[in-house]
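Q: Keeping their order, the protein sequence lines are chains A and B. Numbering of the first sequence is given in numbering that gives the first Met the number 0, commencing with residue 0 and proceeding in unit increments. Numbering of the second sequence is given in numbering that gives the first Met the number 0, commencing with residue 0 and proceeding in unit increments. Quick reminder that beta carbons are idealized off the backbone N, C-alpha and C, glycines included. Remember, it's a predicted structure, so these values are computed and weren't measured experimentally.
Protein chains: 2
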Amino acid sequence: MNGIGFHSHDHKSCIFEAVKAAEEQCCRQGLQLTPVRKRSLEILLEEHRAMRAYDLLDRLAKDGFGSQPPVAYRALEFLTNNGFVHKIEKLNAFIACTHRESGHMPVFLICSQCERVSEIVLPEAEEIWSGVETTSGFSITTALLEIEGVCAACKVNTDK
Amino acid sequence: MNGIGFHSHDHKSCIFEAVKAAEEQCCRQGLQLTPVRKRSLEILLEEHRAMRAYDLLDRLAKDGFGSQPPVAYRALEFLTNNGFVHKIEKLNAFIACTHRESGHMPVFLICSQCERVSEIVLPEAEEIWSGVETTSGFSITTALLEIEGVCAACKVNTDK
DNA sequence: CTTGATATGTTATAAAATAACATTTAACAA
DNA sequence: TTGTTAAATGTTATTTTATAACATATCAAG
Ligand SMILES: [Zn+2]
Ligand SMILES: [Zn+2]
Ligand SMILES: [Zn+2]
Ligand SMILES: [Zn+2]
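Next comes the structure, spelled out in structure tokens:
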């Protein structure tokens with residue numbers, strides 16, 4: 000067990016399950032989870048935090064893959080396009096998805112102190128988005144919700 | 000009148016009012032709305048769309064201000080810190096705020112076709128954010144909600 | 001007048017992302 | 001088999017976005 004993403008969990012099985020789910024989804028949808036793509040997903044899952052593209056690139060290069068920016072950006076494009084990874088725009092960084100429901104619109108809590116990022120479920124989200132569509136006549140394709148602040152753990156530390 | 004931000008409005012008075020409000024707020028809070036800062040706000044208000052920092056810089060340089068990146072970035076930092084301008088993270092671009100309530104958390108609709116951006120009010124927002132705080136123990140400082148899709152006008156054009 | 005704080009200006013550099021093109025790989029048709 | 005394609009990977013070069021570092025100017029307080 001390991002304290003990550005604001006709370007402890009069994010990280011090894013979490014990686015294993017996520018990779019397996021990705022493999023299955025790729026199989027079903029005829030997508031190619033090639034070595035560099037799979038390894039990128041694994042690295043992001045292992046880190047379990049928002050990683051910048053160039054940090055991922057370093058890791059990939061050490062593992063014998065190409066060492067130039069497009070190597071990382073292409074893998075990230077594939078992974079984000081297919082929902083395995085999300086981009087945190089505020090951080091120019093990427094994080095492995097921790098929710099297996101396809102097509103969900105991710106919501107992130109970003110702690111300014113420990114820099115950890117937690118992907119949460121906002122049950123009201125769908126309802127809100129459809130309300131916006133109704134009142135504005137705007138057809139939503141993607142919604143990005145990034146919430147910045149101080150996580151519970153850091154608050155405790157600060158109080159001391 | 001001019002079609003901007005998904006709907007028509009009196010743009011000149013909209014600029015005038017916003018600049019006046021900024022001046023008053025700066026006066027009240029002891030902030031300095033210096034020439035370059037004021038001009039930056041005016042340009043963003045005139046454009047009434049998301050502008051990239053280097054586009055703003057070009058405009059400032061033409062108006063006799065400095066021509067190097069920090070000139071634009073510093074003005075933008077002042078304006079965003081004080082709520083006169085918002086950054087659209089998805090576009091790496093900046094847009095003048097169209098809501099005068101201080102401390103509001105902005106919500107943006109970004110049209111993928113015409114690239115126009117509209118800042119909207121989401122009445123449920125405060126309630127949702129505080130719900131997140133309660134359930135997660137996370138203290139929110141800022142929330143970023145960027146919604147991408149197709150605006151009503153572009154939908155009509157596409158249907159034709 | 002001096003000092004310190006704030007703002008502006010510059011040069012240089014860092015960080016993030018993409019364009020363009022060559023090479024490889026694997027599936028497929030002739 | 002062999003030629004033909006499409007997808008993926010690799011590289012070099014460049015663009016786009018943002019900041020560091022430092023010099024100069026402005027102005028109010030002491
Ligand atoms: Zn997710
Ligand atoms: Zn934290
Ligand atoms: Zn606003
Ligand atoms: Zn549109």
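Near B:C26, which residues of its chain fall below 8 Å by C-beta distance, leaving aside the five closest residues on each side in sequence?
A: Within the second sequence, the letter at position 27 stands for residue 26 of chain B. Nothing listed; no residue qualifies.
Q: Going by the C-beta, is B:T79 closer than 7 Å to any heavy atom of ligand 3?
A: The residue given as residue 79 of chain B occupies position 80 in the second sequence. B:T79: no, Cβ never under 7 Å from ligand 3.
Q: First and last residue of the beta strand (DSSP E) that includes A:H85?
A: Counted from its first residue, the first sequence places residue 85 of chain A at position 86. Where A:H85 is concerned, the enclosing beta strand (DSSP E) stretches over 84-87.
Q: For the beta strand (DSSP E) holding A:A52, just list the boundary residues, first then last.
A: Position 53 of the first sequence holds residue 52 of chain A. From DSSP, A:A52 is part of no beta strand (DSSP E) but of the alpha helix (DSSP H) over 52-61.
Q: Tell me, please, whether the CB atom of B:G2 is closer than 8 Å to any CB atom in chain A?
A: Start at 1 with the first residue of the second sequence, and residue 2 of chain B comes out as number 3. Any reading at B:G2 must be qualified, since the residue scores a pLDDT of 43, below 50, and its modelled position is unreliable; no value is offered.
Q: Assuming B:I127 contacts A:E123 under a Cβ cut-off of 8 Å, what Cβ separation, rounded to an integer in Å, is found between them?
A: The count along the second sequence starts at 1 and reaches residue 127 of chain B at position 128. The count along the first sequence starts at 1 and reaches residue 123 of chain A at position 124. Right, the Cβ-Cβ distance comes to about 6 Å (below 8 Å), so this counts as a contact.
Q: Cβ-heavy atom distance between B:P105 and ligand 3 below 7 Å?
A: In the second sequence, the residue the question calls residue 105 of chain B occupies position 106. For ligand 3, at least one heavy atom lies less than 7 Å from the Cβ of B:P105.
Q: Alpha carbon to alpha carbon, what distance is there between A:R73 and B:G2?
A: Against the second sequence, residue 2 of chain B aligns to sequence position 3. Against the first sequence, residue 73 of chain A aligns to sequence position 74. Reliability fails at B:G2, whose pLDDT of 43 lies under 50, so the model's placement of it is uncertain and no value is given.
Q: Work out the CA separation of A:V106 and A:L59 for me, nearest whole Å.
A: Position 60 of the first sequence holds residue 59 of chain A. Position 107 of the first sequence holds residue 106 of chain A. In a straight line, the C-alpha of A:L59 is about 27 Å away from that of A:V106.
Q: Taking contact to mean 3 or more Cβ pairs, one atom from each stretch, closer than 8 Å, check whether the stretch 106-121 of chain A and the stretch 110-120 of chain B are in contact.
A: They do not touch, by the three-pair rule.
Q: With a threshold of 7 Å, establish whether the CB of B:E118 neighbours any heavy atom of ligand 3.
A: Within the second sequence, numbered from 1, the residue matching residue 118 of chain B stands at position 119. The answer is yes for B:E118.
Q: Along the stretch 36-65 of chain B, where does the CB come closer than 8 Å to a CB of chain A? Name the residues.
A: If the cut-off is 8 Å between Cβ atoms, the stretch 36-65 of chain B has nothing near chain A.
Q: Once DSSP output is grouped into helix, strand and coil, what is the label at A:S129?
A: In the first sequence, the residue the question calls residue 129 of chain A occupies position 130. It is helical.
Q: For A:G148, which residues in the same chain have their Cβ closer than 6 Å to its Cβ, ignoring the five residues on either side in sequence?
A: As a position in the first sequence, residue 148 of chain A is number 149, starting the count at 1. The answer is none, since no qualifying residue turns up.
Q: Which residues mark the beginning and the end of the alpha helix (DSSP H) in which B:V35 is found?
A: The residue you call residue 35 of chain B lines up with position 36 of the second sequence. Segment 34-46, the alpha helix (DSSP H) holding B:V35.
Q: Could you confirm whether any beta carbon from chain B is found closer than 8 Å to the beta carbon of A:T141?
A: If you number the first sequence from 1, residue 141 of chain A lands on position 142. A:T141 counts as touching chain B.
Q: Would the beta-carbon of A:L40 fall within 8 Å of that of A:N81?
A: Within the first sequence, the letter at position 41 stands for residue 40 of chain A. Within the first sequence, the letter at position 82 stands for residue 81 of chain A. No, these two residues do not count as a Cβ contact at 8 Å.
Q: Under the DSSP definition of a beta bridge, which residues are partnered with A:E147?
A: The residue given as residue 147 of chain A occupies position 148 in the first sequence. The partner list for A:E147 (beta bridge, DSSP) reads A:I109, B:T141.
Q: Please check the pair B:L78 and B:V70, which I expect to be a contact at CB under 8 Å, by giving their CB distance rounded to whole angstroms.
A: As a working mapping, residue 78 of chain B is identified with position 79 in the second sequence. As a working mapping, residue 70 of chain B is identified with position 71 in the second sequence. That pair is no contact at about 13 Å.
Q: State the DSSP-derived secondary structure class of A:F93, mapped to helix, strand or coil.
A: Position 94 of the first sequence, counted from the start, is the residue given in the question as residue 93 of chain A. Three-state result, A:F93: strand.
Q: Exposed or buried, A:R36, counting other C-beta atoms within 10 Å across all chains shown (16 or more means buried)?
A: What you label residue 36 of chain A is simply residue 37 of the first sequence in a count that begins at 1. Result: buried.
Q: Closer than 8 Å, CB to CB, is A:E147 near chain B or not?
A: Start at 1 with the first residue of the first sequence, and residue 147 of chain A comes out as number 148. At least one chain B Cβ lies under 8 Å of A:E147.
Q: Output the distance between the C-alpha atoms of B:A52 and B:S66, rounded to the nearest integer angstrom.
A: For the purposes of this step, residue 52 of chain B is taken as residue 53 along the second sequence, with counting starting at 1. For the purposes of this step, residue 66 of chain B is taken as residue 67 along the second sequence, with counting starting at 1. Going by the C-alpha atoms only, they are around 12 Å apart.
Q: Per DSSP, which residues does B:V120 bridge with? Please list them.
A: One-based indexing of the second sequence puts residue 120 of chain B at position 121. For B:V120, which the question treats as bridged, DSSP gives no partner whatsoever.
Q: Does A:V26 get closer than 8 Å to chain B when you measure Cβ to Cβ?
A: Residue mapping note: residue 26 of chain A aligns to position 27 of the first sequence, counting from 1. Per the sequence presented here, residue 26 of chain A reads as Cys, with Val not at that position. So, not an interface residue.
Q: Tell me which residues pass a beta-carbon proximity test against ligand 2: closer than 5 Å to any heavy atom, given in chain order.
A: Spelled out in chain order, the answer is A:C110, A:Q112, A:C113, A:C150, A:C153.
Q: Where B:S129 and B:L143 are concerned, what is the direct C-alpha to C-alpha distance, given to the nearest angstrom?
A: Translated into positions along the second sequence, residue 129 of chain B becomes position 130. Translated into positions along the second sequence, residue 143 of chain B becomes position 144. Each residue's alpha carbon lies about 14 Å from the other.
Q: Considering only their Cβ atoms, is the gap separating A:F93 from A:L121 smaller than 8 Å?
A: For the purposes of this step, residue 121 of chain A is identified with residue 122 of the first sequence, where counting begins at 1. For the purposes of this step, residue 93 of chain A is identified with residue 94 of the first sequence, where counting begins at 1. No, these two residues do not count as a Cβ contact at 8 Å.
Q: Less than 8 Å between the C-beta atoms of B:E45 and B:I14, yes or no?
A: Stepping through the second sequence from its first residue, residue 45 of chain B is reached at position 46. Stepping through the second sequence from its first residue, residue 14 of chain B is reached at position 15. Yes, these two residues count as a Cβ contact at 8 Å.
Q: If you drop the 5 nearest sequence neighbours on each side, which residues of the same chain put their C-beta closer than 6 Å to that of B:A17?
A: Residue numbering aside, residue 17 of chain B sits at position 18 when the second sequence is read from its first letter. The residues are L44.
Q: Please confirm whether B:E118 and B:T97 have their CB atoms less than 8 Å apart.
A: Residue 118 of chain B sits at position 119 when you count from the first residue of the second sequence. Residue 97 of chain B sits at position 98 when you count from the first residue of the second sequence. Contact flag set, yes.
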